[in-house]
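Report on the structure given below.
Chains as they are written, first to last, in this note's numbering: chain A, 1 to 132; chain B, 1 to 744.
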């Protein structure tokens, strides 16, 4: 089993905490990093774009964030993707059950799925199960 | 006398005879030149007794001139040639009287010479005068005959002799030199009339009575004359002796009569055609004379004798009093005015008559007579009534004017619309119905119409008004049409009250407006609902999901220290949830507060209070806050909202100040597009509106990594401004600053 690198991009520190705890229960997750907004995550990815090991395999991306929200992040990230030597799966994670947000997410190919908070252990397992 | 040498007896006898016959005797002795005049001679010449006639003084008795010369010549011829004479001559007596005398003289010759002239002098004055008189009368008669075209005739039935007067020759055009006879007379009579005339004359001969005859004659030149003949028959023992009488040329009279008859017929015909009757009313004797047609108009027998009450009786019962009143009025006012009344015919039909006339006064000004005509105007009246009916049944107000704009006729609807009676408007100018400000418009359209009179609708957007008697203005739509009549071009103006249309249009407009407003409100509500939906789906769900996640961890966690930490985190989430709910409730309160208390609020005061509330931050940041409320110093607004708006925007500016410079804030009020506008301008961080514009006033939206940022201030500010019907937007440049604009 390949070790998996996971990024959690969310301004909600409680969520960051709970996701951290949840991910620890999965041994295949080698590393779980947290970012408070899209800009922080993007900065990191841009800086480490040539080091595939530093880059995530999975990003859990929140929609509502200050400075750069999830959709704004995706705009920049889509431009960045072809340069990266790694397949990165982005999961949009939001407490919003607003169909508008869901629709908008579906239009972006780079988004693998749309998940609704709170994420349960089964949800995370399902996501991780695609990496074997 | 003794020289005459005749016996006294003979002379006496002669003298006596001469005296009775008023014959004077004279004797001239040529030898002794003695002249003897008998008493009669002296009487005729009216000489005194002592007068002694001599050769040299008697010639003066003969009228001077041809008469005297003739006398002298005669005497001379008698003396020298022994020629007797017999002369009628005029004598001037010693007293100066004129007399006619017959002077007969016989010269007596002895030895070849005249010795004496013996003569008589007869006074023939009376005879002569009678003859003159007769001649003069004959002349007059002939003149009269000729003037009156009368001639007289005489026919001797025994020997057939016919005698005509000169003028009769003239009338018949018969030459005087030609013979006359009964046959000749008959030949002149028009062949159509000849048998009749012969008959009559034969009857006259038989009966001895000559009846007046009128017949035509044809002259030799072909012309025809009409002759009226009168006559008497003279008989002896039943046998006709002669007939005499007159013939008068009455051709002219006949022609005139015929012409008169013709004219009368024409007049009657005209009267009948025009249904006109002529009347004369002798007011004093109450006698009426009517033309024949007048009787017909009244359906009365021609010639019925009439007084005013006979006429009244023929009049329609409802019109009788009016008729009498008019008659009395005309007499009192000495003036006739045309008027109408009805009559009822024997068959029950009613006719309408109109009277025109004038009054005739005596020299002291009393009305003695009225004359005039009466016309049966039933047909006109009927068509008028029909037209009126048509006019009154029209749904629109109709006003009919002449070319000068004088009102001729209006319908019932017009009376209703304008509040005038028909009599008040007829003969008034149509501008009485139009407000002054629209007279130019009216004249302009009238001009266009008269250039080419045809059915014309005035433009619907003309915004034309009429005003009624009380000055109330009514919006109308107008259609004008030409109306050809016998009295020239009239104009019918149809006026439609479009108040209701206008009101409907206005209502539709208002409805539309309120619909737009409703739509706007609904849209706003929709947006708010969406917003709320978003808030509940995200801002409420996220702390709940956090709690759920924390609880899951808590259940599986064994370490009591970590468990404690989890409880703390749960508390924090719960607090956040509570705050979120409070804020949402607050925003709902703002949105649903429909009745905000407005009061006059000075911007400067509000700014001052804001500064006081933010005193610490201002001091820490060393912020410079400027203002300019000179253009609009105050506003009617909800005071608390205004303070909240100031507080939010200024604290935002302070919160998101640029790190490298001292914050500068300018608050300015002005009027833009008629609305009060407030601008908050700072030199802070600025926001990329291209990226974040749509989220600027959202709930819990933050754009900076600032610890205090909760994303609620602008959300509530917008809620407050929206609730007051205003608008808020921003202009910003990242790194330079932000301006918030508020339209109240």
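All C-beta atoms, glycine included, are put in the ideal place defined by N, C-alpha and C. Remember, it's a predicted structure, so these values are computed and weren't measured experimentally.
Item	Value
Of the listed residues 509(B), 360(B), 75(B), nearest to residue 368(B) (C-alpha basis)	360(B)
Positions along the stretch 7-20 of chain A whose CB lies within less than 7 Å of some CB in chain B	12, 14, 15, 17, 18
Near-chain B residues of the stretch 101-118 of chain A (beta-carbon distance less than 7 Å), N- to C-terminal order	117, 118
Per-residue DSSP class, three states only, for residue 348(B)	coil
CA nearest to the CA of residue 484(B), picked from 330(B), 640(B), 402(B)	402(B)
Proximal residues to residue 362(B) (C-beta, below 6 Å), its chain only, five neighbours per side dropped	368
Test: residue 553(B) CB closer than 8 Å to a CB of chain A	yes
Residues from the stretch 81-100 of chain A in contact with chain B, defined by Cβ distance under 9 Å	94, 95, 96, 97, 98, 100
The beta strand (DSSP E) enclosing residue 743(B), as first and last residue numbers	737-743
Buried or exposed (CB count within 10 angstroms, at least 16 for buried), residue 579(B)	exposed
Where residue 72(A) meets chain B, residues with beta-carbon distance less than 7 Å	691
Contact set for residue 439(B): own chain, Cβ-Cβ below 7 Å, skip 5 residues either direction	431
Through-space distance from residue 292(B) to residue 209(B), alpha-carbon basis	39 Å
Range of the contiguous alpha helix (DSSP H) that encloses residue 391(B)	378-393
C-alpha gap between residue 43(B) and residue 14(B), whole angstroms	17 Å
CB contact check: residue 741(B) to chain A, cutoff 8 Å	no
Local Cβ density within 10 Å of residue 1(B), reported as buried at 16 or more and exposed below that	Its pLDDT being 40, under 50, residue 1(B) is placed unreliably by the model, and nothing is read from it.
Same chain, Cβ closer than 6 Å to residue 111(A), five either side skipped, listed in chain order	90, 92, 105
Backbone secondary structure at residue 697(B) - three-state DSSP	coil
C-alpha distance - residue 52(A) paired with residue 98(A), whole-angstrom precision	35 Å
From 154(B), 169(B), 185(B), residue whose alpha carbon lies closest to that of residue 232(B)	154(B)
Distance CB(residue 720(B))-CB(residue 644(B)) smaller than 8 Å	yes
Residue 118(B), DSSP secondary structure in three states	strand
Proximal chain A residues relative to residue 527(B), where beta-carbon distance stays under 8 Å	Under the 8 Å cutoff, chain A gives no residues; its nearest Cβ is about 13 Å from residue 527(B).
Straight-line gap, residue 201(B) to residue 230(B) (C-alpha atoms, nearest Å)	11 Å
Where residue 656(B) falls: helix, strand or coil (DSSP)	coil
Cβ distance (whole Å) where residue 106(B) is taken to contact residue 96(B) below 8 Å	About 30 Å separates the two Cβ atoms, so there is no contact after all.
Neighbour list for residue 573(B) in chain A, Cβ cutoff strictly below 7 Å	14
Closer than 8 Å at the beta carbon, the chain A residues around residue 696(B)	Going along chain A, no residue has its Cβ under 8 Å from residue 696(B), so there is no contact; the nearest lies around 13 Å.
Three-state secondary structure assigned by DSSP to residue 354(B)	strand
Closer than 9 Å at the beta carbon, the chain A residues around residue 549(B)	14, 15, 17, 18, 19, 21, 22, 117, 118, 119, 120
Within 8 Å, strictly: CB atoms of residue 465(B) and residue 476(B)	yes
Through-space distance from residue 130(A) to residue 16(A), alpha-carbon basis	23 Å
Whole-number beta carbon distance between residue 617(B) and residue 669(B), since they are thought to touch under 8 Å	Incorrect: roughly 23 Å between the Cβ atoms, too far for contact.
C-beta contact flag for residue 436(B) and residue 406(B) at 8 Å	no
CA nearest to the CA of residue 660(B), picked from 681(B), 737(B), 715(B), 173(B)	737(B)
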